[in-house]
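Chemist: Heads up: the sequence lines are chains A and B, in that order.
Everything in the first sequence is counted per numbering that gives the first Met the number 0, starting at 0 for the first residue and increasing by one.
Everything in the second sequence is counted per numbering that gives the first Met the number 0, starting at 0 for the first residue and increasing by one.
The structure's right below; bear with me while I get my questions together.
There are 2 protein chains.
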Amino acid sequence: MDVQEIDLGAVREQVDAVLKDFLEGKARSAAVRSHPPEAADILRNFLGAGGKRIRALLCVVGWHAAGGGEDRAAILRVAASLELFVAFALIHDDIMDDSATRRGRPAVHRELRTRLGPSSRAERLGAGGALLVGNLALIWAQELLHTADLPLHRRRAVHALYDAMLEEVMYGQYLDVMGTGSDDDLDAALRIVRYKTATATVERPLQLGAAVAGADDTTLELCTALGLPLGEAFQIRDDLLDVFGSTDGACEPGSGDLREGKHTVLLALGLRAATPAQQRRLRDLVGWADLDERGAAEVRAILEEAGARRSTEHMITTRFEQVLRVLDTAALPPAASRALRGLAVTATQYTS
Amino acid sequence: MDVQEIDLGAVREQVDAVLKDFLEGKARSAAVRSHPPEAADILRNFLGAGGKRIRALLCVVGWHAAGGGEDRAAILRVAASLELFVAFALIHDDIMDDSATRRGRPAVHRELRTRLGPSSRAERLGAGGALLVGNLALIWAQELLHTADLPLHRRRAVHALYDAMLEEVMYGQYLDVMGTGSDDDLDAALRIVRYKTATATVERPLQLGAAVAGADDTTLELCTALGLPLGEAFQIRDDLLDVFGSTDGACEPGSGDLREGKHTVLLALGLRAATPAQQRRLRDLVGWADLDERGAAEVRAILEEAGARRSTEHMITTRFEQVLRVLDTAALPPAASRALRGLAVTATQYTS
């Protein structure tokens, strides 16, 4: 089966076509039954505005890794389901953080607030509307899963993995929101990374794809061995990009996470390596909504000076190398192995 | 099979036992994996604090109506799933309305806000934590469904009905939150009643139970014929109780819906029947957060005088009678028919 490469560009188009068909169907049936059609439209626009579909691609690669099969309809449905799940998580995240934008457009709760026009209740109602659109994204993600044509045994395996993934993400977000741990607790920061993002970004998508192909436990464990380090590297890089931007300037340095006071690995490493005076400055600056660019620049300088940026990059590199080691020894179909190597580079390089 | 009655008290206890076991298991596995165990605890307390389990009971009665069976484990799991779904919907509803209490205890977002202690961010973080606990309730509701032991054909039917129910409720809530229709639009008010509550309270639970028993289309349609009028009567009564309380005093008159300016059937009927002067007063008073008891009393007096209370009671009665007519002609197992009659009385009488 395997002289050919996996055409990830084509996979992406196929997944997008499933999402487009599904959401157009939802908009049509809403119109017929006097339901508000804009919920489906908002999700279509949200998905159309960008996103790398990394989870969907990993899901399809996981399916190839476990031997794939002739019938592509079920795997594309499961892969598409992951992208609706991501939309759900991001829309709710943006409500909780009151983020202004997402993928270069107004965040959904901000867009709905604007639609409601000037009113004392628009802020609360806009957030309520976005919460419901997010819920629909989750409900529809599961509908895509329920309507994937799978034999009972594989269906059970897919549901068990998907339910575990959803639970992990909620727990990770809960720790992030309600977390009372100290800001220099590296273990706590890594736990948030692991559950909020790492498992749901790489490990579970790979496993879900493999389960659609009827994978055995050995293959599912291999997905974990690849997925955890790659997922952590991906998220740690994301947190690094949020503060420092990318070296090629494609991603601007920002201050969102710093204003939020997010318990990131970068910040925990900074606080642990900083002098007492630097620690005081970091705690004076981070976690305040009014942090300005000058303050953010000072935080960046302290994180550089304390070596936190370098240590964080090192954590990404060691995880990336771990992924390559696992790939080198795993008995995977060569095309799946090459596709995973390519996705690992995409997901961890600083310049994308 | 059917000289015996369906022991609804016993069913309730069995459903509660499934929920308790499931959530205790979630708390235990959270503790083992360093996840926050309080999410499961909050849901256990939420479900333990009350609720009539009307949806779970209707689900089990629907199962009996379609012939039931020997294996009760699957139907109890599906019935329990409905109660976790209700917890999800109520927790999110309370965030959107910023309700202070639920079932005589602080609403979940208020409880979490208190736990966070005095902080400028406690309000937003408490709402975020509650949003995630609500999401977990939905995710776990679906996990209960996924792990119910059903053959593939029935599993598909159950998922299709459940997905339709979730979508309807979200659309109903979306109309309620984002609705821009005029406040005297009786059709819009009935549409909100239908989708936000009526189908999810009676029709879908009956159908889900019937589908677990392998019901044919005729039985599913009978569930609709019973479920829509009963569900509407239930919700219209709920809106009436919110404003006027119950005649036996068990439920106090309130002003929550009036402050919210909810587009209820009661209000739409009032606005349609009121004189122009009364309409102006209603619009001056309803929909303002600072409505006091004196203002609420004036609203009640206008609604009485315009005959809206009486017309609303009449709408409940006609729907209740419709349910009885359907029950009289339906070829249901007698015990299921009697149980449905009893639940119809419970769900529509003004004095409970």
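Just so it is clear, CB atoms sit at the ideal spot from N, CA and C, and this is done for glycine as well.
For K195 of chain A, count neighbouring Cβ atoms within 10 angstroms of its own Cβ and tell me buried if that reaches 16, exposed if not.
Modeler: Answer is buried; the Cβ neighbour count reaches 16.
Chemist: Can you tell me the Cβ-Cβ gap for R101 of chain B and D93 of chain B, rounded? I've got them flagged as a contact below 8 Å.
Modeler: Right, the Cβ-Cβ distance comes to about 6 Å (below 8 Å), so this counts as a contact.
Chemist: For M0 of chain B, which residues of its own chain have a beta-carbon under 6 Å away from its beta-carbon, when the five flanking residues on both sides are left out?
Modeler: Interpretation of M0 of chain B is limited by its pLDDT of 47, a score under 50 that renders its predicted location unreliable; the figure taken from the coordinates is listed afterwards. Excluding positions up to five away in sequence, the list is empty.
Chemist: Going by DSSP, what residue range makes up the alpha helix (DSSP H) through Y161 of chain A?
Modeler: Y161 of chain A -> alpha helix (DSSP H) spans 151–177.
Chemist: Which value, in whole angstroms, describes the spacing of the CA atoms of L266 of chain A and W139 of chain A?
Modeler: Using only the alpha carbons, I get a separation of about 36 Å.
Chemist: If you count every other CB in all the chains shown that lies within 10 Å of the CB of T350 of chain B, and 16 or more means buried, which is it?
Modeler: Reliability of the predicted coordinates at T350 of chain B is poor, the pLDDT of 49 falling under 50, and the value obtained from them is presented with this limitation in mind. Per the 10 Å Cβ criterion, exposed.
Chemist: Compare the C-beta of T350 of chain A with all C-beta atoms of chain B and state if any pair is closer than 7 Å.
Modeler: Residue confidence for T350 of chain A is low, a pLDDT of 49 falling below 50, so the modelled location carries little weight; the figure read from the coordinates is stated next. No - not a single Cβ of chain B is within 7 Å of the one on T350 of chain A.
Chemist: Who does T100 of chain B pair with in a DSSP beta bridge?
Modeler: B:P105.
Chemist: Distance check for E82 of chain B and G66 of chain B, CA to CA, integer angstroms please.
Modeler: Between G66 of chain B and E82 of chain B, the C-alpha separation is close to 23 Å.
Chemist: Would V176 of chain A count as contacting chain B if we go by Cβ distances under 7 Å?
Modeler: Yes, because at least one Cβ of chain B sits closer than 7 Å to the Cβ of V176 of chain A.
Chemist: Look at A86 of chain A and A136 of chain A and say whether their C-beta atoms are less than 7 Å apart.
Modeler: In contact: A86 of chain A and A136 of chain A (Cβ atoms closer than 7 Å).
Chemist: Please list, in chain order, all residues of the same chain as L281 of chain B whose beta carbon is under 7 Å from its beta carbon, the five residues on each side excluded.
Modeler: Only G269, L270, A273, V298, I301 meet the Cβ criterion.
Chemist: Would you decide whether R279 of chain B is buried or exposed? Buried here means 16 or more other CB atoms lie within 10 Å of its CB.
Modeler: Answer is exposed; the Cβ neighbour count stays below 16.
Chemist: Less than 8 Å between the CB atoms is what I'm expecting for L290 of chain B and L257 of chain B, so what's the real figure, rounded?
Modeler: Indeed they touch by this definition, with Cβ atoms about 6 Å apart.
Chemist: Specify, as a first and last residue, the run of the alpha helix (DSSP H) that Q13 of chain A falls within.
Modeler: First-last of the alpha helix (DSSP H) with Q13 of chain A: 7–31.
Chemist: Just the chain B side, please: which residues come within less than 7 Å of D238 of chain A by C-beta, in chain order?
Modeler: Those within 7 Å of D238 of chain A in chain B number zero; the least Cβ separation is about 19 Å.
Chemist: Could you work out which residues of chain A lie near A147 of chain B, taking near to mean beta carbons separated by less than 7 Å?
Modeler: Under the 7 Å cutoff, chain A gives no residues; its nearest Cβ is about 11 Å from A147 of chain B.
Chemist: Within 7 Å of any Cβ in chain B, is that where the Cβ of P35 of chain A sits?
Modeler: With 7 Å as the cut-off, P35 of chain A counts as an interface residue toward chain B.
Chemist: Between S33 of chain B and R236 of chain A, which are expected to be in contact by the criterion C-beta below 8 Å, what is the C-beta distance as a whole number of angstroms?
Modeler: The pair is not a contact, with the Cβ atoms about 24 Å apart (cut-off 8 Å).
Chemist: Counting only Cβ pairs nearer than 7 Å, list the residues of chain A close to L131 of chain B.
Modeler: Ordered by position in chain A, the residues that pass the 7 Å Cβ test against L131 of chain B are M169, Q172, Y173, V176.
Chemist: Can you give me, in chain order, the residues of the region 295–325 of chain B that have a beta carbon less than 7 Å from any beta carbon in chain A?
Modeler: Answer in chain order: no residues at all.
Chemist: Cβ of S336 of chain B within 7 Å of Cβ of L323 of chain B?
Modeler: It is not a contact, given that the beta carbons lie outside the stated cut-off.
Chemist: Decide if the region 242–257 of chain B is in contact with the region 225–232 of chain B; the criterion is three or more beta carbon pairs, one per stretch, under 8 Å apart.
Modeler: Judged by Cβ distances under 8 Å, the region 242–257 of chain B makes no contact with the region 225–232 of chain B, as fewer than three pairs qualify.
Chemist: Would V211 of chain A be called buried (16 or more neighbouring beta carbons within 10 Å of its own) or exposed?
Modeler: Buried is the call here.
Chemist: From the DSSP output, in three-state form, read off D1 of chain A for me.
Modeler: With a pLDDT of 47 at D1 of chain A, under the threshold of 50, the modelled position of that residue is not reliable, and no figure is offered here.
Chemist: Using a beta-carbon distance cut-off of less than 7 Å, what residues from the region 151–163 of chain B approach chain A?
Modeler: If the cut-off is 7 Å between Cβ atoms, the region 151–163 of chain B has L151, H158, D162 near chain A.
Chemist: Considering only the alpha carbon of each residue, which of B:S119, B:E167, B:W62, B:S254 lies closest to G286 of chain B?
Modeler: Looking at the Cα atoms, B:S254 is the closest of the given residues.
Chemist: Leaving out five residues on either side along the sequence, give the residues of the same chain with a beta carbon under 6 Å from the beta carbon of L342 of chain A.
Modeler: Counting only Cβ-Cβ distances below 6 Å, and skipping sequence neighbours, we find nothing.
Chemist: Taking three-plus beta-carbon pairs below 8 Å as touching, is the region 25–39 of chain B in contact with the region 162–172 of chain B?
Modeler: Too few Cβ pairs lie closer than 8 Å, so no.
Chemist: Cα separation between V344 of chain A and P333 of chain A?
Modeler: Cα to Cα, V344 of chain A sits roughly 17 Å from P333 of chain A.
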